[in-house]
Amino acid sequence: MAEDQGDIAVDIDHVTKRYGDFTALADVSLAIRSNEFFTLLGPSGCGKTTLLRCIAGFEDITLGAIRLYGDNIVDLPPNKRPVNTVFQQYALFPHMDVTRNVMFGLLRLGQSEAAARKRAGEVLDLVQLTQFADRLPAQLSGGQQQRVALARALAPNPKVLLLDEPLSALDLKLRQAVRLELQQIQQETGITFIFVTHDQEEALTMSDRIAVISDGRLQQIGTARDIYEEPDNKFVADFIGETNLIDVTVAGIDNGQATCTLPGGNHFTCPAAQGAHSGRGHLSVRPERVSLSDPAQGLLTGTVSRLIYLGTDMHVDITLTDGEVVTARVQNSAGTRIPAMGETIGLNFEAGAARLLID
Amino acid sequence: MAGLGPTGGRAARTYAGRGPLLILPAWVIIGIFLVLPILIMATYSFLTKEFRGGVIWEPTLAAYDQFFFDRGLFGDEQPKIEWTYILIFWRSIWQAGLATLLCLLIGFPTAWFIATRPAHSRTVWLFLITVPYWVNLLIRTISMKFLIRDNGPMNQWLLNAGLIDEPIHIINTNLAVQLGLFYSYLPFMVLPIYAAVERYNFALSEAAADLYASRWVTLTQVIIPVVKPGIIAGCILVFVPSLGAFLAPDLLGGAKNFMIGSLIEEQFKGAAGNWPFGAAAAMILLSMVLIVLIVYARNQDRESA
Ligand SMILES: Nc1ncnc2c1ncn2[C@@H]1O[C@H](COP(=O)(O)OP(=O)(O)OP(=O)(O)O)[C@@H](O)[C@H]1O
Ligand SMILES: [Mg+2]
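Protein chains in written order, with the working numbering: chain A, 16 to 374; chain B, 303 to 607.
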């Protein structure tokens with residue numbers, strides 16, 4: 016799906032949003048494809064909600080344009096934009112029962128009472144809430160309210176659905192169940208989803224593509240695999256999963272391959288992120304891609320400084336001669352040799368497992 | 303239970319075990335300051351009047367008889383309804399209702415304005431709303447009389463500004479009474495609505511806009527229903543004291559615009575008074591207020607059920 020370019024549903028074109036002196040979004044450009052499950056991922060306060068609110072129309076943007084299927088929508092008020100939002104705190108109308116909540120948008124669009132009621136029934140069926148149709152929001156559990164919010168936003172069949180951390184109020188079990196449901200609904204309805212989360216696992220498991228944002232700046236866009244396997248910079252490598260950032264000196268970059276000198280003097284060639292340059296730099300290597308060996312055969316050597324038992328596997332911290340710490344994740348299976356504290360060992364990783372980052 | 307929030311019922315149950323003891327002080331205060339005075343008044347309304355004020359301890363229905371009937375209910379002749387007092391009552395309800403409406407029309411936007419200011423300036427605005435109420439009600443009402451009379455500052459200003467050709471005659475009209483009541487009780491409208499709006503979740507307005515609602519639809523179908531308890535509380539708090547008010551009608555309305563409050567007040571003033579009749583009128587007023595409140599409570603219960 017990621018390879019198929021398709022229509023551009025939402026085109027965020029050099030959008031800047033300032034609150035007074037504070038820049039919440041700095042020159043963000045993104046193209047979200049039709050029918051895509053697109054995720055905005057980033058730490059708290061990075062501007063995810065701000066971007067979503069700019070798309071929905073609750074905030075005016077300072078610079079740039081936002082286009083919905085080609086039409087610039089920045090001058091339209093929220094009630095004229097064919098997008099719907101699932102709010103972080105649901106924002107269900109407390110004085111209306113579930114059906115009435117779901118009918119609200121349909122009635123505003125001029126549907127008859129009967130047509131709206133019928134459509135509400137269908138959508139409630141989709142989110143499996145039919146038996147709660149007559150309840151008030153206060154009489155529902157958090158997970159049920161979340162599904163009402165989803166149903167209410169889906170009912171008018173918007174071109175784009177915006178979801179602002181809709182799962183954050185749910186407990187772990189429910190969150191996992193609703194994740195699957197959301198994905199299923201997205202596939203069934205074919206509506207473009209823009210999903211906001213600060214939970215990287217959520218982003219990795221659900222999305223077609225992910226945009227990583229930090230401090231109001233776009234860091235990287237790509238599939239879960241792209242972002243995990245081929246991070247562009249230190250922020251992305253560090254934010255998505257765990258990684259080792261190894262100080263290296265880069266002699267040169269040729270054809271996307273960087274030749275560098277590792278701590279301890281060994282030479283190593285590995286892929287480089289586009290935009291990486293020679294000089295001092297960082298390699299990202301995931302702990303599960305680091306293997307242990309005899310000191311003589313290692314790309315790097317060091318002494319074991321910490322061992323953490325994690326059940327199925329084991330965290331081994333190795334302090335290199337220059338004081339840097341590299342973490343290896345060793346499978347706890349039969350035949351694996353578990354090193355001892357203080358032991359001097361070698362570390363290895365394949366060229367494909369390492370990546371020179373943009374510094 | 304009317305007036306309790308959604309958690310009211312739950313909280314009441316949690317404390318149920320210790321309830322009787324914890325509630326005792328409240329019952330004592332209600333007993334001494336509410337129930338007892340009402341009982342005294344109820345008793346007086348069934349006693350015989352004495353000239354020069356006071357009562358004779360002889361039970362009679364004469365006071366109620368005088369209120370509702372022209373010729374004695376217990377005389378030989380056919381009884382005939384006496385309209386004077388009933389009309390005063392009706393006028394009072396009408397006046398209090400209009401004053402409440404005026405308070406609502408001005409009070410709601412005011413409360414909304416205050417509740418949507420930044421937190422630190424809200425306190426200042428609320429303070430400003432209450433400042434006039436540090437002055438005695440009598441003095442405020444007399445000042446109002448001065449302001450709105452034919453050659454008072456308001457008319458002068460309007461004349462000078464060329465907005466009118468001759469003074470608007472307000473004093474001694476129903477409008478003057480409504481203005482007086484409005485000015486007397488506006489904070490009782492503003493404060494409960496303010497409290498409700500302050501708790502209002504503005505994400506609901508965004509959700510409404512997101513679902514294609516215009517501002518008007520958002521106001522009438524989301525905001526007003528959600529803050530309704532505050533609006534109703536405000537209306538009750540303005541309507542009930544307006545109904546029994548006597549200063550504004552006396553000072554601003556003149557003799558023609560007599561209200562129930564003045565009628566009762568007169569019965570207890572000086573030698574011309576009639577205590578049992580005043581007590582009876584007060585009891586009738588009280589029953590009407592109670593009926594309004596009970597109807598409201600019933601509605602609330604039905605809605606939350
Ligand atoms: N109305 C505002 N005025 C000033 N600054 C604001 C305003 N709204 C948001 N900000 C700032 O903009 C930044 C981005 O906020 P935003 O709500 O978009 O973060 P977020 O990525 O959604 O975070 P979270 O994951 O915590 O929800 C924050 O630093 C916030 O303080
Ligand atoms: Mg947010």
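The C-beta atom is built at its ideal place from N, Cα and C for all residues, glycine as well. This one's a predicted model, so the numbers in the text were calculated from it and none came from an experiment.
Cβ closer than 9 Å: which chain A residues qualify as neighbours of V528(B)?
Residues of chain A with a Cβ closer than 9 Å to the Cβ of V528(B) are, in chain order, F108, P109, H110.
Using only the heavy atoms of ligand 2, determine whether one of them is closer than 6 Å to the beta carbon of T212(A).
For T212(A), the distance from the CB to the nearest heavy atom of ligand 2 is not below 6 Å.
Can you confirm whether T309(B), when its beta carbon is compared against all beta carbons of chain A, has any partner nearer than 7 Å?
With a pLDDT of 43 at T309(B), under the threshold of 50, the modelled position of this residue cannot be trusted; read the value that follows with caution. By this cut-off, T309(B) is not an interface position.
With C-beta atoms as the reference, is V529(B) less than 7 Å away from V499(B)?
It is a contact, given that the beta carbons lie within the stated cut-off.
Bridge-paired residues (DSSP) for H393(A)
The question about residue 393(A) has no answer, for chain A in this structure spans 16 to 374.
Would I566(B) be called buried (16 or more neighbouring beta carbons within 10 Å of its own) or exposed?
I566(B) is buried by the Cβ-count criterion.
Any Cβ of chain A within less than 7 Å of the Cβ of N457(B)?
Chain A, which has no Cβ nearer than 7 Å to the Cβ of N457(B), makes this no.
Out of curiosity, what's the CA-to-CA distance linking S348(A) and M329(A)?
Those two C-alpha atoms are separated by around 10 Å.
Quick one: is the Cβ of C69(A) within less than 6 Å of any heavy atom of ligand 1?
Not under cutoff, so the answer is no.
Looking at the structure shown, is M329(A) part of a helix, part of a strand, or coil, going by DSSP?
Collapsing the DSSP output to three states places M329(A) in a strand.
Relative to the C-alpha of L1(A), which candidate in S156(A), L298(A), V113(A), G120(A) has its C-alpha closest?
Any question about residue 1(A) goes unanswered here, given that chain A covers just 16 to 374.
A535(B) CB to nearest chain A CB: under 7 Å?
Chain A, which has no Cβ nearer than 7 Å to the Cβ of A535(B), makes this no.
State buried or exposed for L40(A), treating a residue as buried only when at least 16 other CB atoms are found within 10 Å of its CB.
Counting Cβ neighbours within 10 Å, L40(A) comes out buried, since at least 16 surround it.
Might you give, ordered along the chain, the residues of its own chain that have their beta carbon closer than 7 Å to the beta carbon of I416(B), omitting 5 neighbours on each side?
In the same chain as I416(B), and ignoring 5 residues on each side of it, the C-beta atoms closer than 7 Å to its own belong to R424, W427, L428, Y496, in chain order.
Counting only the same chain and skipping the five closest in sequence on each side, list residues whose C-beta sits under 8 Å from that of E18(A).
Bear in mind that the predicted position of E18(A) carries a pLDDT of just 41, short of 50, making it too unreliable to give a figure here.
Could you check if C61(A) belongs to the surroundings of ligand 1, using beta carbon to heavy atom distance under 6 Å?
Yes; taking the cut-off as 6 Å, the Cβ of C61(A) has a heavy atom of ligand 1 nearer than that.
Going by alpha carbons, who is nearest to V357(B) out of R451(B), F570(B), A463(B), I470(B)?
Comparing Cα-Cα distances from V357(B) to each of R451(B), F570(B), A463(B), I470(B), the minimum goes to F570(B).
Sort T386(B), G572(B), A574(B), D512(B) by Cα distance to Y105(A) and report the nearest one.
Closest option to Y105(A), Cα to Cα, is D512(B).
Inter-residue spacing [alpha-carbon to alpha-carbon] between R312(B) and Y598(B)
Residue placement at R312(B) is flagged as unreliable, the pLDDT there being 48, under the threshold of 50; a coordinate-derived value is accordingly withheld.
Relative to the alpha-carbon of G367(A), which residue among Y243(A), L121(A), V25(A) has its alpha-carbon at the smallest distance?
Ranking the options by Cα distance to G367(A), first place goes to Y243(A).
Give me whichever residues DSSP pairs with T264(A) in a beta bridge.
DSSP, once it has assigned bridges, lists T276(A), R295(A) as partnering T264(A).
Could you say which of G482(B), K382(B), F335(B), A582(B) lies nearest to N559(B) if we only look at CA atoms?
Looking at the Cα atoms, G482(B) is the closest of the given residues.
I want to see whether chain B comes within less than 7 Å of P93(A), judged by CB atoms only; does it?
Chain B, which has a Cβ nearer than 7 Å to the Cβ of P93(A), makes this yes.
Does any heavy atom of ligand 2 sit closer than 6 Å to the C-beta of T64(A)?
The answer is yes for T64(A).
Among residues of its own chain, excluding the 5 on either side of T284(A), which ones have a beta-carbon nearer than 8 Å to its beta-carbon?
If we look at T284(A) and ignore the five residues flanking it on each side, its Cβ neighbours are Q272, A273, T274, C275, A366.
Would K32(A) count as contacting chain B if we go by Cβ distances under 7 Å?
No, no contact with chain B.
Tell me which residue opens and which closes the beta strand (DSSP E) that H29(A) is part of.
Looking at the DSSP string, the run of the beta strand (DSSP E) that includes H29(A) is 23–34.
Is the closest heavy atom of ligand 1 to the C-beta of F283(A) under 6 Å?
No, ligand 1 has no heavy atom inside 6 Å of this Cβ.
So, do the stretch 251–267 of chain A and the stretch 286–296 of chain A have three or more beta carbon pairs nearer to each other than 8 Å?
Yes: at least three Cβ pairs fall under 8 Å.
Bounding residues of the beta strand (DSSP E) (the contiguous stretch that carries N99(A)):
Taken as a continuous stretch (DSSP letters only), the beta strand (DSSP E) holding N99(A) covers 98–101.
What residues in the stretch 107–140 of chain A bring their beta carbon closer than 7 Å to a beta carbon of chain B?
Hits within the stretch, in order: F108, P109, H110, F119, G120, R123, L124.
Would you say E508(B) faces chain A, with C-beta separation under 7 Å as the test?
Yes, because at least one Cβ of chain A sits closer than 7 Å to the Cβ of E508(B).
How would you list, in chain order, the residues of chain B whose beta-carbon sits under 7 Å from the beta-carbon of Q104(A)?
Ordered by position in chain B, the residues that pass the 7 Å Cβ test against Q104(A) are A505.
Find out if the Cβ-Cβ distance for the pair V175(A), V319(A) is shorter than 7 Å.
V175(A) is not a Cβ neighbour of V319(A), given a cutoff of 7 Å.
Is it the case that the stretch 587–597 of chain B contacts the stretch 365–373 of chain B, given that we only count it when at least three CB pairs across the two stretches are under 8 Å?
No contact exists between the stretch 365–373 of chain B and the stretch 587–597 of chain B.
State yes or no: is the beta carbon of F208(A) nearer than 7 Å to at least one beta carbon in chain B?
No, F208(A) lies away from the interface with chain B (no Cβ there is under 7 Å from its Cβ).
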